[in-house]
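Visitor:
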Amino acid sequence: MPFDNDAKNGTVALWYTPLDGRVEAGRKLEAPYVDDQPHGIVRSWHPNGMPRAEYRYEHGVLSDARAWSDSGTALPGTEAERLAARDAANNDQFYASLLAVVRENLPRCESDLPNGNPPRS
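When we follow the numbering used here, the leftmost residue of the sequence shown carries the number 185, and every step to the right adds one.
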């Protein structure tokens with residue numbers, strides 16, 4: 185995830201992975217952020233590669249929502265808006281889980297060590 189001054193800035197991109205985990209299977213999400221808020225067009229895809237949703241955000245506020253079934257049938261506007269709200273909540277949870285993994289696995293810096301020195305063997 186791209187950050188600038190501890191805020192998401194740039195495009196978050198996620199891909200599906202197959203069950204064997206070896207190769208990316210296709211795009212899952214592209215979400216542009218400015219100052220830690222979605223801004224621009226957020227796109228997502230179904231696992232079969234078909235478009236799933238397209239949401240337009242203006243500084244964190246949803247201004248348009250379109251969504252499709254995995255066969256390509258357009259969903260009604262109100263259903264697309266409900267999906268946008270669910271997706272936003274799920275994405276925030278997922279980003280938080282990724283950040284937790286990073287926080288739990290930060291490298292130890294010399295200033296974190298006793299006397300600033302690594303332990304002697």
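Think of the CB as a built atom: it goes at the ideal place given N, C-alpha and C, for glycine as much as any other residue.
Hey, how far is the Cα of glutamate 242 from the Cα of asparagine 289?
Guide: Each residue's Cα considered, the two are about 34 angstroms apart.
Visitor: Following the continuous beta strand (DSSP E) through glycine 261, name the residue where it begins and the one where it ends.
Guide: Membership of glycine 261 in any beta strand (DSSP E) is not indicated; the residue belongs instead to the alpha helix (DSSP H) covering 261-288.
Visitor: Sorry if obvious, but does the Cβ on lysine 192 come closer than 6 angstroms to a heavy atom of the ligand HEM?
Guide: Summarising the ligand content, the structure contains no ligands, and the ligand HEM is consequently not present.
Visitor: If I measure Cβ to Cβ from aspartate 219 and keep anything under 6 angstroms in the same chain, skipping five residues before and after, which residues do I get?
Guide: Ala191
Visitor: Could you tell me whether the Cβ atoms of glycine 235 and tryptophan 229 are closer together than 7 angstroms?
Guide: Going by the sequence as given, residue 235 is proline instead of glycine. For proline 235 and tryptophan 229, yes; Cβs fall inside 7 angstroms.
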